[in-house]
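What follows is one structure encoded as structure tokens, with my remarks underneath.
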Amino acid sequence: MDGLLVLWQSTGLANFQLPELIMIAVGFGLLYLAIAKGFEPLLLLPIGFGAIISNIPVAGLSMSAAEYALHYGGAEIAQLLQDVLGGVKYSSASIGLQAKANLIAQEYGFTHGVLYHFYNVGIGSGVFPLLIFMGVGALTDFGALLANPKMLLLGAAAQFGIFATLIGALAMNMIPSFEFTLADASAIAIIGGADGPTAIFLASKLAPELLGAIAVAAYSYMALVPIIQPPIMKALTTKEERSIVMEQLRPVSRVEKMLFPLAVLLLCALFLPSAAPLIGMFCLGNLMRETGVVDRLSKTAQNELINTVTIFLGLAVGSKLQAEKFLTVETLGILALGAVAFCIGTAAGVLMAKLMSKMTGGKINPLVGAAGVSAVPMAARVVNKVGLESNPHNFLLMHAMGPNVAGVLGSAVAAGVLLALAG
Numbered sequence: 051m052d053g054l055l056v057l058w059q060s061t062g063l064a065n066f067q068l069p070e071l072i073m074i075a076v077g078f079g080l081l082y083l084a085i086a087k088g089f090e091p092l093l094l095l096p097i098g099f100g101a102i103i104s105n106i107p108v109a110g111l112s113m114s115a116a117e118y119a120l121h122y123g124g125a126e127i128a129q130l131l132q133d134v135l136g137g138v139k140y141s142s143a144s145i146g147l148q149a150k151a152n153l154i155a156q157e158y159g160f161t162h163g164v165l166y167h168f169y170n171v172g173i174g175s176g177v178f179p180l181l182i183f184m185g186v187g188a189l190t191d192f193g194a195l196l197a198n199p200k201m202l203l204l205g206a207a208a209q210f211g212i213f214a215t216l217i218g219a220l221a222m223n224m225i226p227s228f229e230f231t232l233a234d235a236s237a238i239a240i241i242g243g244a245d246g247p248t249a250i251f252l253a254s255k256l257a258p259e260l261l262g263a264i265a266v267a268a269y270s271y272m273a274l275v276p277i278i279q280p281p282i283m284k285a286l287t288t289k290e291e292r293s294i295v296m297e298q299l300r301p302v303s304r305v306e307k308m309l310f311p312l313a314v315l316l317l318c319a320l321f322l323p324s325a326a327p328l329i330g331m332f333c334l335g336n337l338m339r340e341t342g343v344v345d346r347l348s349k350t351a352q353n354e355l356i357n358t359v360t361i362f363l364g365l366a367v368g369s370k371l372q373a374e375k376f377l378t379v380e381t382l383g384i385l386a387l388g389a390v391a392f393c394i395g396t397a398a399g400v401l402m403a404k405l406m407s408k409m410t411g412g413k414i415n416p417l418v419g420a421a422g423v424s425a426v427p428m429a430a431r432v433v434n435k436v437g438l439e440s441n442p443h444n445f446l447l448m449h450a451m452g453p454n455v456a457g458v459l460g461s462a463v464a465a466g467v468l469l470a471l472a473g
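Residue numbers (my numbering): 51 to 473.
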């Protein structure tokens, strides 16, 4: 009978609690959005799956050895570890105390979960987001931006949403239950750039405990670009403005395309070293693409490498969707602030484009400003679609790609600024 009782206590059924069930439902919700709706499936599918397996009781796939021992190791080991941690929660303890607790737990035979390793190796170190950025650089063509450098201003304007949300996150501290530090607010604000890898990189450095909510918000709003942006674009422009046909872009030479990533890297090294990891890997990927002498490396970065890393990145992010870390009032605040950030960024880009249109005598279609957020190439496609609705002969895709790729650089620069301020 005792054996049956022990067997029953080791099952998931005996250990399931409501928070875990809610998070497993959230995981299935993410899978539904990825599979049935096609919303960012490359990331939301592994994130959703990671959320499901992270919340299976007793399995401990996303727990450290000490966390597993505290939850399921019994009263004796739990008390010993609490004494080591000084009575504080494991997640609130210093890195030194966590390491000491893990060593003791491992001496008792407990091990780290596989998703815990994925997170520490790939995201805790910052490697996965940087490898993704190298792949994105190898996929990016800066021709549209080089042909019309003024579009760089639109990519910069769209980052206004990031800094507006930084202020908003700090202001939320006036509401009971919200306690965002400057580092927390900075990590949340980057959602407004609509750049998933940048959001994950910055959150892993400034607010690891909020990473799950920030990543889910960032990729969810990126997937909702075709729904969120058009109403804002139409509200801020007239039909005549949306119908403006822009001049054809000039051809861009191969030399220009090769020199551009080197120039960007040099400027970054001189003025914003904190952004060097993101900008540097992005420029390396782009240089491999444009030189044409390392096609094998370029194609690997564009395909095999970025695809492999995406799988582990998604699972590692999913490991942060544990019930005790995700089901908090701060998560609701992050989701709300992320939506506001994205809307402000879109509006700021459109308003800057309207100003530039006035200054150039109507040569710039204000819609292209909405592509300043770095959801590449989705934002540019949305701009093209809205433009065609007003003028069936108005093809804005290539014009919108200029501010779109500028937005990628803009979000990386903004992340560097926030890292320098709050890191």
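C-beta atoms are modelled at their ideal positions from N, C-alpha and C, and glycine is treated no differently.
Here the structure is a predicted model, which is why all the values come from computation and not from measurement.
query: Classification of Phe327 by the beta-carbon crowding that lies within 10 angstroms, buried from 16 upward; result: It is Pro, not Phe, that sits at residue 327 in the sequence shown. Pro327 comes out buried.
query: Inter-residue spacing [alpha-carbon to alpha-carbon] between Phe168 and Gly146; result: 21 Å
query: Nearest-angstrom Cβ-Cβ length linking Thr190 and Val455, presumed shorter than 8 Å; result: 5 Å
query: Contact check, Gln352 vs Ala188, beta carbons under 8 Å; result: yes
query: Any 3 or more C-beta pairs closer than 8 Å across the stretch 172-187 and the stretch 393-407; result: no
query: C-alpha gap between Leu165 and Ile72, whole angstroms; result: 20 Å
query: From Ser112, Ala470 and Gln148, residue whose alpha carbon lies closest to that of Gly163; result: Ser112
query: Phe1, DSSP secondary structure in three states; result: Residue 1 is absent from the structure shown; the chain starts at 51 and stops at 473.
query: Between the CA atoms of Ala389 and Ile277 - distance to the nearest angstrom; result: 12 Å
query: Stretch-stretch touch, CB-based, cutoff 8 Å, three pairs: the stretch 232-240 with the stretch 213-222; result: yes
query: Within 8 Å, strictly: CB atoms of Ser461 and Asp133; result: no
query: 4 or more residues per run - each alpha helix (DSSP H) lying fully within the stretch 102-165; result: 115-122, 125-135 and 145-157
query: Ordered list of alpha helix (DSSP H) runs contained in the stretch 327-413, each at least 4 residues; result: 345-350, 356-368, 373-376 and 379-409
query: Residue burial classification, Gly79 (beta-carbon count within 10 angstroms, cutoff 16); result: exposed
query: Candidates Leu220, Val343, Ala450 and Glu306: closest to Gln298 by CA position; result: Ala450
query: Which listed residue (Lys349, Gly364, Ile250 and Pro107) has its alpha carbon closest to that of Leu92; result: Gly364
query: Where the alpha helix (DSSP H) containing Thr283 begins and where it ends; result: For clarity, residue 283 is Met in the given sequence; the question names Thr instead. Unbroken alpha helix (DSSP H) run through Met283: Val275 to Leu286.
query: C-beta contact flag for Tyr140 and Gln148 at 8 Å; result: yes
query: Separation of Leu382 from Ala253, as counted between CA atoms; result: 17 Å
query: Cβ-Cβ distance between Ser424 and Gly457 below 8 Å; result: yes
query: Reduced DSSP category for Val302 - H, G, I as helix; E, B as strand; rest coil; result: coil
query: Contact the stretch 431-438 vs the stretch 219-239: 3+ CB pairs below 8 Å; result: no
query: Own chain, CB closer than 7 Å to Leu317, minus 5 neighbours either side, in chain order; result: none
query: CA-to-CA distance, Pro96 to Leu377, given in whole angstroms; result: 20 Å
query: Nearest neighbour of Val379, chosen from Phe228, His121, Ala319 and Lys150 [CA to CA]; result: Phe228
query: beta-carbon Ile277 near the ligand COA non-hydrogen atom, thresh 7 Å; result: With respect to small molecules bound, the structure shown includes none, and the ligand COA cannot be examined in it.
query: Supposed close pair Val359, Ile250 - CB separation, criterion 8 Å; result: The pair is not a contact, with the Cβ atoms about 11 Å apart (cut-off 8 Å).
query: Close beta carbons around Leu385, own chain, < 6 Å, minus the five adjacent residues each side; result: Ala267
query: Nearest-angstrom Cα separation, counted from Met296 out to Pro442; result: 14 Å
query: Residue of Val108, Lys284 and Lys87 minimising C-alpha distance to Leu274; result: Lys87
query: DSSP state of Ala420 mapped onto helix, strand, coil; result: helix
query: Burial state of Tyr82, where buried means 16 or more other Cβ atoms lie within 10 Å; result: exposed
query: Range covered by the alpha helix (DSSP H) that runs through Glu90; result: Where Glu90 is concerned, there is no enclosing alpha helix (DSSP H), given that its DSSP letter is neither H nor E.
query: Residue burial classification, Lys289 (beta-carbon count within 10 angstroms, cutoff 16); result: exposed
query: Environment of Met409 [buried if 16+ CB atoms lie within 10 Å]; result: exposed
query: Cβ-based burial, Asn357 [other Cβ within 10 Å; buried from 16]; result: exposed
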